[in-house]
Amino acid sequence: MTRSWLVALLSGSLFGAGLALGGMVDPARVRGFLDIFGDWDPTLAFVMGGAVIVMAIAWRIQARMAQPLIGTTFALPDRTDLTPRLIGGAALFGTGWGIAGLCPGPGFAALVIEPAKAAVFVMAMLAGMLIFRLMEPQS
Amino acid sequence: MLPGFPDAAPLAGLLGGVLIGLAAALMLLGAGRIAGVSGIAARAFGISGDGMPRSGAWAFVVGLPLGALLVAWTTGGIEASFAGYLPLVAAGLLVGIGTRIGSGCTSGHGVCGVSRLSQRSIVATATFMAAGIATVAIMNALGLEVLS
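The listed protein sequences derive, respectively, from chains A and B. Counting from 1 along the first sequence, just add 307 to a position and that's the residue number in this note's numbering. Counting from 1 along the second sequence, just add 11 to a position and that's the residue number in this note's numbering.
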């Protein structure tokens with residue numbers, strides 16, 4: 308617990324650096340990737356590929372660990388059920404992603420690239436999360 | 012650099028992806044948690060009650076722009092075109108609601124879940140990719156230009 312925020316800060320910074328380096332804070336690049344019927348930009352596939360390969364190795368290492376380096380237990384999702392909520396939520400998210408070319412990570416990272424516009428996106432996103440929370444207070 | 016795709020940046024993309032993977036690996040092996048930005052952000056801003064300690068959630072969220080700033084400084088600036096305010100608000104609302112209902116976004120489902128071969132994450136990722144592709148295609152067909 309004591310040093311876990313340092314791990315989080317380092318992880319967040321690495322994450323933000325990766326997003327910036329990979330061009331993911333540029334909505335034009337992200338929308339270019341989604342534009343498979345037009346002028347397709349495959350860059351995001353390389354970003355995704357690089358991240359997934361590294362994480363696939365991390366999962367193999369995790370399987371051999373009894374506990375994380377800091378803290379006592381792994382707190383990982385264990386659900387396996389495919390629900391309408393999962394698919395409906397992902398569809399709503401994907402629609403928003405397509406409209407502006409921003410998802411949550413790049414939204415925060417872009418606060419230093421285009422502050423006013425990123426802030427508007429982030430505030431709308433948090434408002435959306437709050438709306439969901441108010442609709443379903445028990446979850 | 013990539014034949015047929017003069018605007019693509021495959022090397023920078025791969026390198027950026029490896030950094031993102033290392034960030035998520037650090038969160039997993041270091042703190043025992045999924046580096047899912049939507050969930051962590053909801054936790055940081057008090058919208059979600061479960062997840063990592065709030066100090067950690069804040070540290071992660073603050074780190075995102077810090078890391079981007081570091082890259083912007085060392086590479087001499089980052090070019091980006093953003094949508095106007097109205098589409099940004101509409102997109103933000105959809106992203107906020109959708110990621111909470113669907114339990115994750117591009118990082119939690121797309122990177123952490125897909126690499127774990129989680130069935131839920133693979134389905135979620137295929138769904139938000141398809142929705143994003145359809146949205147861009149429809150907007151283009153309607154002649155809706157949002158980026159400036």
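Ideal Cβ placement from N, Cα and C applies to all residues, glycine included. Remember, it's a predicted structure, so these values are computed and weren't measured experimentally.
Use the C-beta contact count for residue i: other C-beta atoms within 10 angstroms, 16 or more gives buried, fewer gives exposed.
i      : result
A:S311 : buried
A:F439 : buried
A:F428 : buried
A:S446 : Only weak support exists for where A:S446 lies, its pLDDT of 47 falling under 50; the value from the coordinates is given anyway. It counts as exposed.
B:E91  : Note on identity: in this sequence residue 91 of chain B is Ala, with Glu being the wrong assignment. Buried, because 16 or more other Cβ atoms sit within 10 Å of the Cβ of B:A91.
A:P422 : exposed
A:P285 : Because chain A here runs from 308 to 446, residue 285 of chain A falls outside it and cannot be looked at.
B:L155 : exposed
A:D385 : exposed
A:M432 : buried
A:T380 : exposed
Assuming residue i is part of the alpha helix (DSSP H), what are its boundary residues?
i      : result
A:A324 : 311–328
B:P64  : Careful: B:P64 lies outside any alpha helix (DSSP H) and carries neither H nor E.
B:R54  : 48–55
State yes or no: is the C-beta of residue i within less than 9 Å of the C-beta of residue j?
i      : j      : result
B:M63  : B:A42  : yes
B:A36  : A:A398 : no
A:G412 : B:G109 : no
B:V48  : A:F415 : yes
B:G32  : A:A365 : yes
B:R44  : A:L316 : no
B:A46  : A:F344 : no
According to DSSP, what are the bridge partners of residue i?
i     : result
B:A94 : B:L158
B:F9  : Residue coverage of chain B in this structure runs from 12 to 159, which leaves residue 9 of chain B outside it and unanswerable.
B:L13 : B:F16
Is the beta carbon of residue i within less than 8 Å of some heavy atom of the ligand SAM?
i      : result
B:Q130 : In the structure shown, the ligand SAM is absent, as is every other ligand, since no ligand is present at all.
Could you name each continuous alpha helix (DSSP H) segment of 4 residues or more that falls completely within the segment 361–414 of chain A, going from the start of the chain to the end? The segment 361–414 of chain A contains, as complete alpha helix (DSSP H) runs of 4+ residues, the segments 391–407 (chain order).
Any alpha helix (DSSP H) of 4 or more consecutive residues that is wholly inside the segment 81–147 of chain B: The segment 81–147 of chain B contains these whole alpha helix (DSSP H) runs: 96–112.
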